[in-house]
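**Student:** Structure incoming, see below.
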């Protein structure tokens with residue numbers, strides 16, 4: 030009887046030391062959370078504003094916000110350079126001055142300085158955050174009024190009297206000036 034009792038005790042001891050079976054994956058494991066806002070994939074379109082949607086990931090929430098906002102500013106600067114270049118091309122074609130090297134230089138200079146100066150009006154329109162594990166994902170929608178950009182272009186053109194005379198003679202300047210006045214009226 031002692032032998033049977035000893036075998037049972039040893040069997041119980043060994044089974045207790047065996048631990049538990051590893052969990053079986055039933056396919057119901059937590060999937061990554063998609064917290065991408067709708068506006069991120071399709072930013073708003075508005076003739077009075079430029080928008081840029083950006084995201085950034087970082088363990089630090091503030092770092093993620095800063096990176097997303099800086100990337101948004103860079104995206105807006107790219108849009109400004111494109112828009113100013115397109116406006117310059119349109120105005121030079123309307124004026125019949127597409128071959129004027131002085132005019133080309135003027136718009137190249139205006140393009141660069143406007144992109145550098147006008148971002149002061151850019152600001153976050155929407156910010157959403159999502160945390161998964163120890164990583165913060167921040168989505169930022171940056172917004173900048175286009176009227177600021179047009180005002181800067183107008184200021185640059187007024188500073189260049191020779192260019193002003195050429196633009197005034199064909200009406201392209203008047204069109205830009207009206208757009209700036211409409212922008213100023215909408216702000217007040």
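Numbering (my numbering), first residue to last: 30 to 217. Just so it is clear, CB atoms sit at the ideal spot from N, CA and C, and this is done for glycine as well. The structure displayed is predicted, hence computed values, not measured ones.
Counting Cβ pairs, one atom from each stretch, are 3 or more of them under 8 angstroms apart for the segment 81 to 99 and the segment 160 to 179?
**Tutor:** Verdict: yes, contact present.
**Student:** Determine the contact status of residue 105 and residue 151, defining contact as a CB-CB distance below 8 angstroms.
**Tutor:** Numbered from 1 along the chain shown, position 76 holds the residue referred to as residue 105. Numbered from 1 along the chain shown, position 122 holds the residue referred to as residue 151. In contact: residue 105 and residue 151 (Cβ atoms closer than 8 angstroms).
**Student:** Helix or strand or just coil, what does DSSP make of residue 204?
**Tutor:** Within the chain shown, residue 204 is the residue found at index 175, counting from 1. In this structure, residue 204 counts as helix in the three-state DSSP scheme.
**Student:** Compute the beta-carbon to beta-carbon distance between residue 173 and residue 78, rounded to the nearest angstrom, for a pair I have assumed lies under 8 angstroms.
**Tutor:** Start at 1 with the first residue of the chain shown, and residue 173 comes out as number 144. Start at 1 with the first residue of the chain shown, and residue 78 comes out as number 49. Correct: roughly 6 angstroms between the Cβ atoms.
**Student:** Alpha carbon to alpha carbon, what distance is there between residue 210 and residue 22?
**Tutor:** The requested residue 22 is not part of the displayed model; the chain covers only 30 to 217.
**Student:** Within 10 angstroms of its Cβ, does residue 188 collect 16 or more other Cβ (buried), or is it exposed?
**Tutor:** Here residue 188 is taken as the residue at index 159 of the chain shown, counted from 1. With fewer than 16 other Cβ atoms within 10 Å, it is exposed.
**Student:** Identify whether residue 67 lies in helix, strand or coil by the three-state DSSP scheme.
**Tutor:** Here residue 67 corresponds to residue number 38 of the chain shown, with the count starting at 1. Helix at residue 67.
**Student:** Out of 65, 170, 200 and 214, which has the shortest C-alpha to C-alpha gap to residue 73?
**Tutor:** Here residue 73 corresponds to residue number 44 of the chain shown, with the count starting at 1. Nearest C-alpha to residue 73: 170.
**Student:** Go ahead and label residue 200 buried or exposed: buried means 16 or more other beta carbons lie within 10 angstroms of its beta carbon, across all protein chains shown.
**Tutor:** Taking the chain shown and counting its residues from 1, the one referred to as residue 200 is at position 171. Burial call: exposed.
**Student:** Going by beta-carbon coordinates alone, are residue 206 and residue 182 separated by less than 8 angstroms?
**Tutor:** For the purposes of this step, residue 206 is identified with residue 177 of the chain shown, where counting begins at 1. For the purposes of this step, residue 182 is identified with residue 153 of the chain shown, where counting begins at 1. No; because the gap between Cβ atoms is not below 8 angstroms, this pair is not in contact.
**Student:** If you drop the 5 nearest sequence neighbours on each side, which residues of the same chain put their C-beta closer than 6 angstroms to that of residue 82?
**Tutor:** The residue labelled residue 82 in the question sits at position 53 within the chain shown. Correct list, in chain order: 69, 72 and 170.
**Student:** Can you pull the DSSP bridge partners for residue 170?
**Tutor:** As a working note, residue 170 is residue 141 in the chain shown. Residue 170 pairs with 82 and 155.
**Student:** From residue 155 to residue 100, what does the alpha carbon distance come to, in whole angstroms?
**Tutor:** Numbered from 1 along the chain shown, position 126 holds the residue referred to as residue 155. Numbered from 1 along the chain shown, position 71 holds the residue referred to as residue 100. Taking the straight line from one Cα to the other gives about 14 angstroms.
**Student:** Is residue 175 buried or exposed, if buried means 16 or more other CB atoms sit within 10 Å of its CB?
**Tutor:** By 1-based counting over the chain shown, the position of residue 175 is 146. Buried, because 16 or more other Cβ atoms sit within 10 Å of the Cβ of residue 175.
**Student:** Using a Cβ-Cβ cutoff of less than 7 angstroms, which residues in the same chain neighbour residue 56 once the five nearest sequence positions on both sides are dropped?
**Tutor:** By one-based count along the chain shown, residue 56 stands at place 27. Interpretation of residue 56 is limited by its pLDDT of 49, a score under 50 that renders its predicted location unreliable; the figure taken from the coordinates is listed afterwards. Nothing listed; no residue qualifies.
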